[in-house]
Amino acid sequence: MYQKRTDLALETRELHAKPGKPDGIESEEREENGIRITTMRVSPDGAANGKAAGKPAGTYVTLDIGPVWDPGAQRGSMDAAASVLAEELRKLLPKEISPGGRGCVLVAGLGNDRITPDSIGPRVVSGVLVTRHIRVLDQSLFESAGFGELAAIAPGVLGQTGVESAEIIRSVAERIRPSCVIAIDALASRRLSRLASTVQLSDTGICPGSGVSNTRTALSKETLGVPVISIGIPTVVDAGTLAYDLLEELAEKEGYPADLPVFDKVVEKLLDGAGKDFFITPRDSDTIASAAAGLIAAGINLALHDRLTPEEIKEYLSST
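Going by the numbering used here, the first residue of the sequence shown is number -2, and it counts up by one from there.
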């Protein structure tokens, strides 16, 4: 009846899964470098069961990285998170881009660079080591340097260009024929605790603008003709959803039944009223956007330029 808003597959399952009832979703958890990794595999049956999965069939990986952007975070936590992100990204890449393979990757940074919580995509593009032009201009230099082949684009948003992001990316993809597209975007979460502390990867593509209820044409294998991997970090929470969650927590703490008529009316007002048009973001959103973009860019660089050390990647970036 009432739809709590979230772009995270893990949260969607938390909202709708029923204990002991099969939902067509396989899930496993493990920990690496102090980061909890949850991998969900949604089968076609699970995708058909819309409430339980709420997502297309495919693989969804959630990294619980914590507030690595916080200046007080433990030294090395950002590097550890980037390393884990790179490892999980490699698992989703097509085999022709795997270590020792060939194939160009097009990184598409989605979002509006003028709106801080939505600027992660464009910021990532400025932090990745692009190398396709080197291969085109000097194949021998490209091979001797140990680069992976990477191109990047920040297509802006419809209000800035008058053109759908998907149309721009599709045109570029048709021209350069990448083996894969990696789409970066900001997401929405249902919980404050997951803002800027969770990374979601998926091999099913993404709908630009979904994080702020402005869904555009999807980026997927069906629309672009090549596999699309999405990477996102939640930077906003829907005001109505947040209020609903807080109200539920209070009701549970105080022992109020959730089916009280007044509770029902308040929830309806929150989720169907003005609350659905407002989004909340942390006050440190600029610091978060910068650090989150740096983390994703570092993960992509490590995954695609796998024959280079982190120090070599930083040196190449500083010279461009």
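Just so you know, even glycine gets a beta-carbon here, dropped at the ideal spot from N, CA and C.
- Reducing DSSP to helix, strand and coil, say where T9 ends up. Within the sequence shown, the letter at position 12 stands for residue 9. Look at T9 here: in three-state DSSP terms it is helix.
- Item | Nearest to A54 (by Cα), restricted to the options V122, G159, D200 | Residue numbering aside, residue 54 sits at position 57 when the sequence shown is read from its first letter. For A54, the nearest C-alpha among the options comes from D200.
- How would you call Q136, buried or exposed, if buried means at least 16 neighbouring beta carbons within 10 angstroms? Indexing the sequence shown from 1 puts residue 136 at position 139. Exposed is the call here.
- Item | A215 versus A180: straight-line alpha-carbon distance, rounded | Taking the sequence shown and counting its residues from 1, the one referred to as residue 215 is at position 218. Taking the sequence shown and counting its residues from 1, the one referred to as residue 180 is at position 183. Answer to the nearest angstrom: the Cα atoms are 11 Å apart.
- Query: Does DSSP put V81 in a helix, a strand or coil?
  - Reply: One-based indexing of the sequence shown puts residue 81 at position 84. Helix at V81.
- If A83 sits next to G118, beta carbons under 8 Å apart, how far is it from one beta carbon to the other, in whole angstroms? Stepping through the sequence shown from its first residue, residue 83 is reached at position 86. Stepping through the sequence shown from its first residue, residue 118 is reached at position 121. Contact flag wrong, Cβ pair sits at about 18 Å.
- Message: Assuming contact is defined by CB atoms lying nearer than 8 Å, are I285 and V104 in contact in what I supplied?
- Response: Sequence index remark: in the sequence shown, residue 285 carries index 288 (1-based). Sequence index remark: in the sequence shown, residue 104 carries index 107 (1-based). Not closer than 8 Å, so no.
- Near F144, what residues of its chain come up, given a Cβ to Cβ distance below 7 Å and the 5 sequence neighbours on each side ignored? Taking the sequence shown and counting its residues from 1, the one referred to as residue 144 is at position 147. Cβ within range, chain order: T128, I131, H302.
- Three-state secondary structure (DSSP) of V65: Numbered from its first residue, the sequence shown carries residue 65 at position 68. Here V65 sits in coil by DSSP.
- Query: DSSP three-state call for I112: helix, strand or coil?
  - Reply: As a first step, residue 112 is located in the sequence shown; it is residue number 115 there, counting from the start. Coil, per DSSP.
- So, are the CB atoms of V154 and S162 less than 8 Å apart? Reading the sequence shown from its first residue, position 157 is the one you call residue 154. Reading the sequence shown from its first residue, position 165 is the one you call residue 162. At the C-beta level, V154 and S162 come within 8 Å of one another.
- Which term fits F276, buried or exposed, when burial requires 16 or more other beta carbons within 10 angstroms of its beta carbon? For the purposes of this step, residue 276 is taken as the residue at position 279 of the sequence shown. Answer is buried; the Cβ neighbour count reaches 16.
- Query: By Cβ distance below 6 Å, which residues in the same chain neighbour V65 in space, the five residues on each side in sequence not counted?
  - Reply: Translated into the one-based positions of the sequence shown, residue 65 becomes position 68. Once the five neighbours on either side are set aside, the close Cβ partners of V65 are S74, M75, A78.
- Distance, Cα to Cα, S40 vs Y57? Within the sequence shown, the letter at position 43 stands for residue 40. Within the sequence shown, the letter at position 60 stands for residue 57. Going from the Cα of S40 to the Cα of Y57 covers about 11 Å.
- L314 to L7, Cα distance in whole Å? As a first step, residue 314 must be located in the sequence shown, where it is residue number 317. As a first step, residue 7 must be located in the sequence shown, where it is residue number 10. Between L314 and L7, the alpha-carbon positions lie close to 34 Å from each other.
- Task: Please determine, among M37, I32, E245, the residue with the shortest C-alpha to C-alpha distance to T9.
- Result: Position 12 of the sequence shown, counting from 1, holds the residue named residue 9. For the options M37, I32, E245, the alpha carbon positioned closest to that of T9 is the one of M37.
- Item | Collapsed DSSP secondary structure at G208 in the structure displayed | Taking the sequence shown and counting its residues from 1, one reaches residue 208 at position 211. Only weak support exists for where G208 lies, its pLDDT of 46 falling under 50; the coordinates are left without a value.
- Message: Buried or exposed, going by whether 16 or more other CB atoms sit within 10 Å of the CB of Q197?
- Response: Along the sequence shown, read from residue 1 onward, the residue named residue 197 stands at position 200. Result: buried.
- DSSP state of D235, grouped into three classes? Counting from 1 along the sequence shown, the entry for residue 235 is found at position 238. In the three-state DSSP reduction, D235 falls in the strand class (E or B).
- Which value, in whole angstroms, describes the spacing of the CA atoms of S116 and G159? The sequence position of residue 116 within the sequence shown is 119, counting from 1. The sequence position of residue 159 within the sequence shown is 162, counting from 1. Going by the C-alpha atoms only, they are around 18 Å apart.
- Task: Leaving aside the five residues before and after S80 along the sequence, list all residues of the same chain whose C-beta is less than 7 Å from its C-beta, in chain order.
- Result: What you label residue 80 is simply residue 83 of the sequence shown in a count that begins at 1. Cβ contact annotation for S80 (same chain, cutoff 7 Å, sequence separation greater than five): N30, L299, in chain order.
- Could you check if M(-2) is buried or exposed, using at least 16 other CB atoms within 10 Å of its CB as the buried criterion? If you number the sequence shown from 1, residue -2 lands on position 1. Its pLDDT being 46, under 50, M(-2) is placed unreliably by the model, and nothing is read from it.
- According to DSSP, is A240 helix, strand or coil? Here residue 240 is taken as the residue at index 243 of the sequence shown, counted from 1. DSSP places A240 in helix when its eight states are reduced to three.
- Assign P68 to one of two classes, buried (16 or more other C-beta atoms within 10 Å of its C-beta) or exposed (fewer than that). Against the sequence shown, residue 68 aligns to sequence position 71. Burial call: exposed.
- Considering L147, what are the terminal residues of the beta strand (DSSP E) in which it resides? By 1-based counting over the sequence shown, the position of residue 147 is 150. 146 to 150 is the extent of the beta strand (DSSP E) around L147.
- Task: Give the DSSP-derived three-state secondary structure of E28 in the structure shown.
- Result: One-based indexing of the sequence shown puts residue 28 at position 31. Strand at E28.
- Which stretch, first to last residue, makes up the beta strand (DSSP E) that contains G106? Taking the sequence shown and counting its residues from 1, one reaches residue 106 at position 109. 101 to 106 is the extent of the beta strand (DSSP E) around G106.
- Item | C-beta contact flag for I345 and L221 at 8 Å | Any property of residue 345 remains undetermined from this structure, which presents the chain solely from -2 to 317.
- What residues in its chain sit with their C-beta under 6 Å from that of A149, if we drop five residues either side in the sequence? Reading the sequence shown from its first residue, position 152 is the one you call residue 149. Cβ within range, chain order: V104, V122, V125, V127.
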